[in-house]
Amino acid sequence: MEKTKRTARIAAIILNVCSLLLIGIIFHFYRIFDENISANKKQTAILNEQIAEQDRLTDDLSVSYHEKLDELESYKDFEELVAIEKESYFNEIIDLEQRILEGGTAKKIAYLTFDDGPYRLSERFLDVLDEYDVRATFFYLMKCQETGYEDYSDIYDRVYRRIISSGHTLGNHTASHKFGESGVYQSVDYFIQDLLKNRSFIYDRYGYMTTVMRFPGGSGTSSMAPYIIPRLKEIDYVYVDWNAETGDGKKVMSPETYAANVLNNTEGKDIMVVLMHDYSENTLAALPDIIKGLRKQGYILLPLCDRSVMCH
Ligand SMILES: [Zn+2]
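Residue numbers (the numbering used here): 4 to 315.
Here it is, written out as structure tokens:
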């Protein structure tokens, strides 16, 4: 009887020791496990914060510029402040381009460009861009009374001013855009003169210096272009072509087709330059879908600057 009691006590002691050991082991492993989990959690939180911060910055890029311009308008040194603001804004865009090229972000850029204006419809294009808070780029000609556009020169004048004050980029597309024997491509000198005529027109009237140009028809359109390109640097111009288009300059198609031409041709284009024309009613009707569709695909819509990788 006495022996059985002792055996039972020893068994109880062994059981207690084993339980303590087991608890100790469980606690030890739990601590290691918990430390790993919190380290992982911390790492994830840091990463999430970095991603959120980058997204905040890039989202700001697309919406804040216009607000800042409005705010600056109340200051005395308006032009100087705008220039500083514009410089830092474009610095951020160039940084974003670099991040995209290095694969450091899932964001993409689309530069919407409108050629050959101003037109009577341009103001309605500007309304749509305002509605969606988009800054774009306009490659314009010299349209004023002196060049035979007296009928709508008041409207054109308003359009030039609105493009500049809204923070869009105004580009030079030559003064006349004429093709043929007496056109812009008749000689290098003639081309440069025509381009400079438009630059002076815009600068003298609106105090805005254009620094980005687009060849009428694109840089591949004339055998004269390779001789013009080296001269562009001398007069502080870079040129830009495009890697997507609605097709509105080629023939009249439905708004749905124009939108699809852009939205179905984005593959492999992390930085996109979209060619459109602001004379087309169908392009105007397609514009909201183009804007919404590109944003859905992760594009931020921004105005071009002369330091963009798309400019040469
Ligand atoms: Zn053109």
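Heads up, the beta-carbon is just placed ideally off N, CA and C, and yes, glycines get one too.
Can you tell me where the beta strand (DSSP E) with T150 in it begins and where it stops? In the sequence shown, counting from the first residue as 1, residue 150 sits at position 147. Run containing T150: none; DSSP gives neither H nor E here.
How about M324 and N268: are their beta carbons less than 8 Å apart? Nothing about residue 324 can be read from this structure; the chain reaches only from 4 to 315.
Closer than 5 Å: residues whose CB approaches a heavy atom of ligand 1: With the cut-off at 5 Å, the residues found are D118, D119 and P219.
For Y211 and F204, the rounded distance between their alpha carbons: As a first step, residue 204 must be located in the sequence shown, where it is residue number 201. As a first step, residue 211 must be located in the sequence shown, where it is residue number 208. Between F204 and Y211, the C-alpha separation is close to 10 Å.
So is F238 buried or exposed if we call it buried at 16+ other beta carbons inside 10 Å? If you number the sequence shown from 1, residue 238 lands on position 235. Reading off the sequence, residue 238 comes out as Ile, not Phe. I238 sits exposed, since fewer than 16 C-beta atoms from the chains shown fall within 10 Å of its C-beta.
Classification of N264 by the beta-carbon crowding that lies within 10 angstroms, buried from 16 upward: In the sequence shown, residue 264 corresponds to position 261, counting from 1. Under a 10 Å Cβ-count criterion, N264 is classified as buried, with 16 or more other Cβ atoms of the shown protein chains found around its own Cβ.
Would you call H315 buried or exposed, if buried means 16 or more other Cβ atoms sit within 10 Å of its Cβ? Locating residue 315 in the sequence shown gives position 312, where the first residue counts as 1. So H315 counts as exposed.
Given a cut-off of 8 Å on the beta-carbon distance, is the pair Y282 and Y122 in contact? As a working mapping, residue 282 is identified with position 279 in the sequence shown. As a working mapping, residue 122 is identified with position 119 in the sequence shown. Yes. Within cutoff.
Do T150 and A109 have their CB atoms nearer than 8 Å? Along the sequence shown, one-based indexing puts residue 150 at 147. Along the sequence shown, one-based indexing puts residue 109 at 106. No.
How many angstroms separate the CA atom of V241 from the CA atom of E134? Within the sequence shown, residue 241 is the residue found at index 238, counting from 1. Within the sequence shown, residue 134 is the residue found at index 131, counting from 1. If you draw a straight line from the Cα of V241 to the Cα of E134, it comes to about 30 Å.
From what residue to what residue does the alpha helix (DSSP H) around T286 run? Start at 1 with the first residue of the sequence shown, and residue 286 comes out as number 283. Residues E284 to K299.
Within its chain, find whatever has a CB closer than 6 Å to the CB of Y159; leave out the 5 residues flanking it on each side and keep chain order. Translated into positions along the sequence shown, residue 159 becomes position 156. The beta carbon of Y159 sits closer than 6 Å to the beta carbons of P121 and K146 from its chain, once the five residues preceding and following it are set aside; these are given in chain order.
Supposed contact pair I293 and L266 - C-beta distance, whole angstroms, cut 8 Å: The sequence position of residue 266 within the sequence shown is 263, counting from 1. The sequence position of residue 293 within the sequence shown is 290, counting from 1. Contact check for L266 and I293: beta-carbon distance about 7 Å, within the 8 Å limit, so the pair qualifies.
C-alpha gap between A11 and K44, whole angstroms: Within the sequence shown, the letter at position 8 stands for residue 11. Within the sequence shown, the letter at position 41 stands for residue 44. Each residue's CA atom was taken as its position, placing A11 and K44 some 48 Å apart.
The beta strand (DSSP E) spanning A113 covers which residue range? Within the sequence shown, residue 113 is the residue found at index 110, counting from 1. Note, A113: beta strand (DSSP E), K111 to D118.
Going by the CB atoms, is the gap between H171 and T140 shorter than 8 Å? Counted from its first residue, the sequence shown places residue 140 at position 137. Counted from its first residue, the sequence shown places residue 171 at position 168. Result yes, Cβ atoms of T140 and H171 sit closer than 8 Å.
State the DSSP-derived secondary structure class of N246, mapped to helix, strand or coil. Within the sequence shown, numbered from 1, the residue matching residue 246 stands at position 243. N246 falls in the coil class under three-state DSSP.
Would you mind reading off the limits of the alpha helix (DSSP H) that contains L199? For the purposes of this step, residue 199 is taken as residue 196 along the sequence shown, with counting starting at 1. Here the alpha helix (DSSP H) through L199 covers V191 to Y209.
To the nearest angstrom, how far is it from the Cα of D98 to the Cα of Y92? In the sequence shown, counting from the first residue as 1, residue 98 sits at position 95. In the sequence shown, counting from the first residue as 1, residue 92 sits at position 89. Distance between the alpha carbons of D98 and Y92 is about 10 Å.
Is M279 near N246, with beta carbons less than 8 Å apart? Residue mapping note: residue 279 aligns to position 276 of the sequence shown, counting from 1. Residue mapping note: residue 246 aligns to position 243 of the sequence shown, counting from 1. If you check the CB distance, M279 and N246 do not come in under 8 Å.
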